[in-house]
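Numbering (the working numbering), first residue to last: 281 to 503.
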């Protein structure tokens, strides 16, 4: 299977990684079986799908509720990054990741990189990702200096972390579009205008923003 493995990344909080990951996975699951690995310190997507237990606490028998759920073509797994998760070994995660090898697309919602659980996840995720480098969608927000910082961090991460930017999202863009600071030279750029409705209404009642629909098409065309 030519599985598509994509990580959503940012280097600061509040950029909207979970927002992008939620709608992107929802859109992709219309066409392919899609797995979301929710690694957030606050696992937003897991909570939205009613998954309150996380894998580490389940493994340690602190909770008995399931740490994943499947809704149609979409599976969400709660791998909340925590001290408990960081204390596990690679085999623990590999065993679980291996249960989801039948999924055609994997979307990983990360905390801000780097985080204390990332090296563990990265090693275990090799069972899902056939490529040496990891394809990433980087998320940034205005103002310009944050976009410039994201660009610099992304260039550095390409060298140190073996990542391959396939897209950059400027989330919560201004009415007068913010200067992209040349970040589109790293990967195709998608702009999501700020919309208060996504801040105040349940995401499951909202339509997927058009730029994320376009991003999903780019991902579907990846080799």
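Backbone N, C-alpha and C fix where the C-beta goes; we use that ideal spot for every residue, glycine too.
Since this is a predicted model, take the numbers as computed values, not measurements.
Terminal residues of the alpha helix (DSSP H) in which residue i lies
i, result
"residue 375", "370 to 377"
"residue 427", "424 to 441"
"residue 492", "490 to 500"
"residue 478", "477 to 480"
"residue 308", "297 to 308"
Cβ shell of residue i (< 8 Å), same chain only, five flanking positions each side left out
i, result
"residue 503", "282"
"residue 379", "none"
"residue 446", "286, 415, 416, 417, 467, 468, 498, 499 and 502"
"residue 324", "298, 302, 318 and 389"
Spatial distance of residue i from residue j (CA atoms)
i, j, result
"residue 286", "residue 387", "5 Å"
"residue 398", "residue 339", "19 Å"
"residue 469", "residue 344", "42 Å"
"residue 435", "residue 305", "26 Å"
"residue 476", "residue 290", "21 Å"
Residue i: CB within 8 Å of a non-hydrogen atom of the ligand HEM
i, result
"residue 458", "Ligands displayed in this structure: none; no statement on the ligand HEM is therefore possible."
Span of the beta strand (DSSP E) around residue i
i, result
"residue 274", "The displayed coordinates of the chain run from 281 to 503. Any statement about residue 274 would go beyond what the structure contains."
"residue 284", "284 to 289"
"residue 472", "469 to 473"
Neighbourhood of residue i by C-beta, 7 Å cutoff - its chain only, sequence neighbours within 5 removed
i, result
"residue 329", "349, 351 and 356"
Cβ neighbours of residue i in the same chain (closer than 6 Å, five flanking residues each side left out)
i, result
"residue 321", "361 and 391"
"residue 396", "366"
Is it a yes or a no for the stretch 355 to 364 touching the stretch 312 to 329, going by three-plus beta-carbon pairs under 8 Å? Taking a cut-off of 8 Å on C-beta distances, the stretch 355 to 364 touches the stretch 312 to 329, as three or more cross pairs fall below it.
Report yes or no: do the stretch 290 to 299 and the stretch 441 to 455 share at least 3 C-beta pairs separated by less than 8 Å? yes
At which residue ranges does the stretch 383 to 417 contain complete alpha helix (DSSP H) runs of 4 or more residues, listed in the order of the chain? 398 to 404
Can you give, in chain order, each stretch of the alpha helix (DSSP H) that sits fully within the stretch 316 to 376 and has at least 4 residues? 324 to 328, 335 to 339 and 363 to 366
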